[in-house]
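Numbering (numbering that gives the first Met the number 0), first residue to last: 0 to 368. Don't be surprised by glycine CBs; every beta carbon is placed ideally from N, CA and C.
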Amino acid sequence: MQPATSAPSSRDKQPRAASNPSSKIQDPKSRRHVLVTGAAGFIGSNLVHWLLRQRENLRVTSVDALFYAGNLANLEDLTRDDRHRFIHGNICDRQLIAGLLDDGVDAIINAAAQTHVDRSLMGADEFVSSNLGGVQVQLDLLKQRPHIRFLQVSTDEVYGSRRPDDPAAETAALCPRNPYAATKAGADLLALSYHHSFGLDVVITRCCNNYGPYHYPEKVIPLFITNLLDGQKVPLYGDGLNYREWIHVDDHCAAIARVLAAGRSGEVYNITSGEGMPNVELTRRILAALDRDESFIRHVTDRPGHDRCYLLDGSKIERELGWSAAVHFDEGLKQTVQWYRENEAWWRPIKSGEYRRYYERQYGQRGAK
Ligand code: TYD
């Protein structure tokens with residue numbers, strides 16, 4: 000696993016396009032064309048921004064079904080960028096996706112997924128249709144378009160819970176233990192099966208837990224930050240000793256771009272930061288970043304079947320593609336807290352309506368531990 004350094008976030012780097020005025024006049028059609036699915040979600044929208052910032056010679060088509068966690072506000076600053084267009088649509092819509100692919104797409108990055116474990120425990124229908132069905136539709140379409148590379152954005156959760164001394168390498172058995180993780184594992188296998196059966200150009204990335212701007216506040220970091228900004232307690236599950244690794248979303252985007260450009264077809268690449276900790280430690284760091292003490296922790300009953308430890312061996316991507324994470328967790332967390340402080344107008348409307356009903360179902364009845 001790579002040690003994190005305190006190098007600045009890639010978000011802080013100068014956009015390459017800014018240093019090259021000729022990019023303003025280049026015909027967009029001559030650029031490489033990437034289709035990003037789930038582009039209005041957390042990882043998808045950060046990825047679209049990252050690609051347009053860091054890869055001048057690229058055009059991006061964003062597609063998103065705008066389900067509850069997809070938010071057009073995440074892309075609104077791109078409306079005047081001629082290298083970008085947004086299409087409202089579902090990855091299960093074969094005709095729509097076929098039409099987009101036939102507009103000169105060179106690669107798909109599939110970041111479309113239902114991702115929240117707690118919601119998958121309430122009901123798995125949408126997880127199966129988006130995470131599995133949507134991937135099948137895209138792969139089927141690529142049988143007639145084998146020149147298009149397919150990058151599946153996957154997760155460390157497919158390996159299931161690990162012993163603390165046994166990080167999962169890409170060759171480890173898949174052992175998903177919740178409905179969300181099971182659909183992601185199924186999609187990985189489906190994608191690899193199309194590589195082997197039909198020769199499709201497939202690469203898969205499996206990343207540890209992300210954090211950063213535009214993260215929907217049902218996930219632990221944005222949930223805890225926004226609760227604390229509102230003076231509310233944070234619900235810590237079980238004994239708080241469940242262990243996760245945390246990567247800044249910009250590092251994840253950089254790794255995806257690296258695998259897209261140079262990953263070997265048919266291969267899986269783990270992406271990790273080496274910044275793992277138990278949830279109680281994570282909670283303490285969030286509390287410290289917001290000047291709150293431990294009286295703001297509300298200990299609640301555990302998530303059913305809560306995986307104890309996700310741990311990845313990230314040596315393959317470093318060895319083969321020379322990539323390692325750059326953002327130190329404490330620095331990334333500080334920036335993220337600042338983003339939520341400055342972007343109340345983004346998250347406050349989210350924490351009402353459907354979200355409020357979800358929060359009540361999820362936490363209202365949850366007993367104290
Ligand atoms: P989460 O952000 O849901 O990501 P994942 O389950 O995909 O890892 O949760 C991260 C960790 O935080 C996980 O161990 C569950 C825990 N957690 C809480 O303790 N309280 C909460 O309210 C939430 C949402 C998560």
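Quick check: what's the CA-CA separation for Lys315 versus Arg257?
13 Å
Should Leu240 go down as buried or exposed, given a rule of 16 or more other Cβ atoms within 10 Å for buried?
exposed
Quick check: does the Cβ of Leu120 come within less than 6 Å of any heavy atom belonging to the ligand MG?
Looking at this structure, you won't find the ligand MG anywhere; what it does contain is the ligand TYD.
If the criterion is Cβ atoms closer than 7 Å, does the pair Gly363 and Asp301 meet it?
no
Would you give the residue range spanned by the beta strand (DSSP E) that Leu57 belongs to?
That run of the beta strand (DSSP E) goes 57-63.
Are the region 240-254 and the region 208-226 touching by the rule of at least three beta carbon pairs closer than 8 Å?
yes
Assign Ala168 to one of three DSSP states: helix, strand, or coil.
Coil at Ala168, not helix or strand.
Using the Cα positions of Leu46 and His83, report the straight-line distance between them to the nearest angstrom.
12 Å
Going straight from the alpha carbon of Pro20 to that of Asp81, what length do you get?
Caution is warranted here: a pLDDT of 39 is assigned to Pro20, below 50, making its placement in the model unreliable, and the coordinate value is therefore given only provisionally. The straight-line gap from Cα to Cα measures roughly 14 Å.
With a threshold of 8 Å on Cβ separation, who are the neighbours of Ala39 within its own chain once the five nearest residues in sequence on each side are excluded?
If we look at Ala39 and ignore the five residues flanking it on each side, its Cβ neighbours are Ser61, Asp63, Leu65, Gly69, Asn70, Leu71, Asn73, Leu74, Phe85.
Tell me whether the beta-carbon of Ser153 lies closer than 7 Å to the beta-carbon of Asp187.
yes
Please report how far the alpha carbon of Leu99 lies from the alpha carbon of Ile107, in whole angstroms.
10 Å
Please state whether DSSP places Phe66 in a helix, a strand or coil.
coil
Output the boundary residues of the beta strand (DSSP E) element that contains Asn109.
106-109
Based on the DSSP output, what are the partners of Arg84 in its beta bridges?
Thr60
How would you write the range of the alpha helix (DSSP H) that Asn208 sits in, first residue to last?
It is not in any alpha helix (DSSP H) - Asn208 instead sits in the beta strand (DSSP E) that spans 208-210.
One question on the structure: do Lys232 and Phe328 come within less than 7 Å of each other, judged by their Cβ atoms?
no
Going by Cα to Cα distance, which pick from Arg291, Gly352, Asp306 is closest to Asp117?
Asp306
With DSSP collapsed to three states, give me the class of Leu228.
Correct three-state label for Leu228: helix.
Can you give me the C-alpha to C-alpha distance between Leu131 and Gly185, rounded to a whole angstrom?
7 Å
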